[in-house]
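Numbering (the numbering used here), first residue to last: 2 to 393. The beta-carbon is built from N, C-alpha and C at its ideal position, and this holds for glycine as well. Have a look at the structure below, then the notes.
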């Protein structure tokens with residue numbers, strides 16, 4: 002059953018336009034179609050009502066003209082002869098007390114309709130379809146209703162006028178809808194052209210990490226907000242690229258030292274045979290360098306992953322510097338001073354150690370007697386002075 006219903010469902014589904022320009026144009030076309038349909042129906046209804054009123058006015062005028070030829074002053078109703086009898090007697094019935102006095106030749110079924118109107122009395126109109134559309138109206142000659150004139154009129158010219166108006170309005174609707182769709186596509190395409198340009202520029206600028214931004218250009222309010230959003234995205238991409246380059250540089254710099262130690266130990270171990278104690282010492286150095294590499298990678302990668310998602314941590318500068326001094330081979334040659342015991346930096350302790358560690362190791366390697374390190378608070382954060390040799 003599902004296989005049978007799937008083709009039917011596919012017939013009723015119509016693919017919507019994929020572009021915003023096409024969707025807006027289709028929406029404008031549907032809205033204009035509904036509006037034109039309502040206006041066309043209302044216009045043709047008013048036009049038909051107006052044409053019917055014109056036909057009724059003409060019938061009453063003819064009936065009034067015929068009524069002038071009817072004499073009701075005597076004891077009997079008489080029809081006076083005039084020079085326009087042929088014109089006035091066309092499709093005209095005259096009744097006296099519901100009795101037919103005159104009728105047009107070859108009236109046939111129309112006479113029965115005229116009899117019905119005369120029997121009801123008063124001013125009445127009815128539409129009939131006898132060999133074509135006809136309109137019949139009754140007009141009392143006297144106030145007592147003793148005589149009545151019924152006139153008929155062929156509605157074919159009026160129906161033809163109504164059909165012409167309907168055809169003309171439908172043609173005008175088609176032209177208006179075509180113009181609406183074309184103009185909407187042109188207008189929407191012109192309005193979206195800056196968006197297309199901004200999209201291409203954003204894609205280009207994000208690739209080359211350009212410093213150009215949309216905020217400097219003058220745009221309407223909607224496009225200005227879009228430009229501000231794109232500028233924020235481009236700034237974020239630029240920041241991420243800068244962090245990526247910084248992380249790559251830090252990893253390259255930090256890993257160079259332990260890799261050099263591992264390479265040196267392997268070259269020294271392979272240069273000539275070593276005793277078991279020397280081999281064990283080399284293994285310890287290699288293991289220590291590998292552990293140092295792992296700590297470096299974990300520290301830098303954790304900081305890169307969480308640096309933009311969480312608030313920065315804090316580290317006590319004095320404790321971190323003492324741990325670094327104790328980790329060196331000659332910790333007694335390092336002197337650490339700070340402005341106070343509670344001096345803190347706005348980074349995690351591991352990251353602070355990774356920042357200061359290479360500088361402290363280089364200073365201890367090239368110092369003659371000792372190294373002094375001083376940390377103090379500055380207006381823009383915490384500063385650690387350059388490590389320098391100290392004479393004895």
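Would residue i and residue j qualify as a contact pair, given that the criterion is a beta-carbon distance under 8 Å?
i, j, result
"residue 319", "residue 360", "no"
"residue 126", "residue 136", "yes"
"residue 300", "residue 375", "no"
"residue 261", "residue 270", "no"
"residue 335", "residue 358", "no"
"residue 122", "residue 149", "yes"
"residue 56", "residue 156", "yes"
"residue 174", "residue 41", "yes"
"residue 170", "residue 45", "yes"
"residue 238", "residue 211", "no"
"residue 266", "residue 296", "no"
"residue 141", "residue 160", "no"
"residue 60", "residue 138", "yes"
"residue 153", "residue 107", "no"
State buried or exposed for residue i, treating a residue as buried only when at least 16 other CB atoms are found within 10 Å of its CB.
i, result
"residue 215", "buried"
"residue 234", "exposed"
"residue 312", "Here the model assigns residue 312 a pLDDT of 43, short of 50, so the residue's position is not dependable and the matter cannot be decided."
"residue 70", "buried"
"residue 288", "exposed"
"residue 255", "buried"
"residue 130", "exposed"
"residue 203", "buried"
"residue 180", "exposed"
"residue 326", "buried"
"residue 64", "buried"
"residue 253", "exposed"
"residue 158", "exposed"
"residue 281", "exposed"
"residue 176", "exposed"
"residue 380", "exposed"
"residue 298", "exposed"
"residue 97", "buried"
Does DSSP classify residue i as helix, strand or coil?
i, result
"residue 396", "There is no way to answer for residue 396, as the model of the chain reaches only from 2 to 393."
"residue 213", "coil"
"residue 344", "coil"
"residue 153", "strand"
"residue 70", "coil"
"residue 232", "helix"
"residue 147", "coil"
"residue 29", "helix"
"residue 104", "coil"
"residue 110", "helix"
"residue 195", "helix"
"residue 359", "helix"
"residue 391", "Reliability fails at residue 391, whose pLDDT of 47 lies under 50, so the model's placement of it is uncertain and no value is given."
"residue 381", "coil"
Counting only the same chain and skipping the five closest in sequence on each side, list residues whose C-beta sits under 6 Å from that of residue i.
i, result
"residue 309", "Note on residue 309: pLDDT 47, under 50, position unreliable in the model; the coordinate value appears next. Cβ neighbours of residue 309 beyond the five flanking positions: none."
"residue 120", "99"
"residue 94", "104, 115 and 151"
"residue 353", "316, 321 and 346"
"residue 338", "375"
"residue 24", "18"
"residue 275", "none"
Starting from the C-beta of residue i, find all residues in its chain whose C-beta is less than 8 Å away, skip the five residues before and the five after it, and write them out in chain order.
i, result
"residue 199", "215, 224, 227, 228 and 231"
"residue 22", "186, 189, 190 and 193"
"residue 196", "224 and 227"
"residue 26", "18, 182, 185, 186 and 189"
"residue 49", "163"
"residue 205", "211"
Assuming residue i contacts residue j under a Cβ cut-off of 8 Å, what Cβ separation, rounded to an integer in Å, is found between them?
i, j, result
"residue 178", "residue 33", "6 Å"
Return no unless some Cβ of chain B is closer than 8 Å to the Cβ of residue i.
i, result
"residue 165", "Checking the listed chains, one finds no chain B in this structure; it contains a single protein chain."
Once the 5 residues before and after residue i are set aside, which same chain residues still bring their CB inside 7 Å of it?
i, result
"residue 220", "195 and 228"
"residue 323", "337"
"residue 68", "140, 142 and 150"
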